[in-house]
Each structure stands twice: as structure tokens, then as C-alpha cells.
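Residue numbers (the working numbering): 216 to 367. All remarks here apply to the structure that follows.
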């Protein structure tokens, strides 16, 4: 069992100096235990996280800067700084930066499951081709869905 280590992860640092490039976005892990995994994400304009499902994790986003559009189940929504987005396990969701500004967000999931390992795998891909990303994610129990009309 991986327990939390008491301390401070500084604003511009990730745990163990880690920073990942995933689908054109920068993810910096802030904490990682068996119960919870958090990361800071920078989403440049035009980037997105394709619709997907976490069958065994709740996911949360706290908006720090910018604006994001969301597919939440069968509905759409927008979020701005200070908003908390709650994504219950098993609910399809997608995240889109359709604005002309970079969005900065604190993400976390509970429980961690295999997401930390998936991010390492995606980061280490020579080329993040959509079909390869989808196949790898499925191995870690994250299931991508077809993008909604007009996405990307």
C-alpha cells in the first residue's frame, strides 16, 4: 500500500520532478497514493481530452485559469476559474479547450487504480497516434468513446 508522504509539492514542480506531455497538454503529478492521484494540467487552446469513461474512479477538476467545455454524459457544460467539475465513475465525459486562452486545472481521481501508470505509458509513446492511445488506455481500464460532432 502506497501512503501519502507529508510535505509540500511546490507550485511549479511535480513529484520527483515529473512532467508528462499527453495529447499536446502538460501534466505535472502533484500526489500519488493508492487512494488518490492528483495532477496539474495545462491545456493550450484547441487541445482536448477525448470522451472516455473511468469505470472504477471518480474524477474531479478544479479550474484555476481559462475556460473549458465539457461533455458530461448526455449534456454539455462550461467551467471557469473557481468551478469544481465532478465526474462520477462510469459517466462518459470529454474535456475541450475551445477558447483562445490556455486553461490550467487541478485534476484528481479516487481511487488511483492504474492512471499514474497509464500517463507514463502515454508520455513515453514515440508518437501519440489516436488508435495507439485508445488501445493503451483500454489496457489500463480507461475506455475512449467516439468524439462528439464538432469536437477538436
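Note that beta-carbon positions come from the ideal geometry of N, C-alpha and C, so glycine has one too. Note that this is a predicted model, so its numbers are computed, not measured.
#### Entry: Minimum length 4: unbroken alpha helix (DSSP H) runs contained in the stretch 283-349
330-338
#### Entry: Reference residue 331, options 220, 361 and 235, closest by Cα
Residue 331 sits at position 116 when you count from the first residue of the chain shown. The option with the nearest alpha carbon to residue 331 is 235.
### Query
CB-CB under 6 Å to residue 322, same chain, minus the five flanking residues each way: which ones, in chain order?
What you label residue 322 is simply residue 107 of the chain shown in a count that begins at 1. 254, 256 and 276.
### Message
Which of the three DSSP states is assigned to residue 231 in this structure?
### Response
Along the chain shown, read from residue 1 onward, the residue named residue 231 stands at position 16. Looking at residue 231 - three-state DSSP - the assignment turns out to be helix.
### Query
Quick one: what's residue 246 bridged to in DSSP?
As a position in the chain shown, residue 246 is number 31, starting the count at 1. According to DSSP, residue 246 bridges with 253.
### Query
What residue range is occupied by the uninterrupted beta strand (DSSP E) comprising residue 276?
Along the chain shown, read from residue 1 onward, the residue named residue 276 stands at position 61. From DSSP, the beta strand (DSSP E) with residue 276 extends over 273-280.
### Query
According to the neighbour-count rule (16 or more other Cβ atoms, all chains shown, within 10 Å of its Cβ), is residue 296 buried or exposed?
Mapped onto the chain shown, residue 296 falls at position 81. By the neighbour-count rule (16 or more Cβ atoms within 10 Å), residue 296 is not buried but exposed.
### Inter-stretch contact at 8 Å, needing at least 3 Cβ pairs: the stretch 286-303 / the stretch 341-350
no
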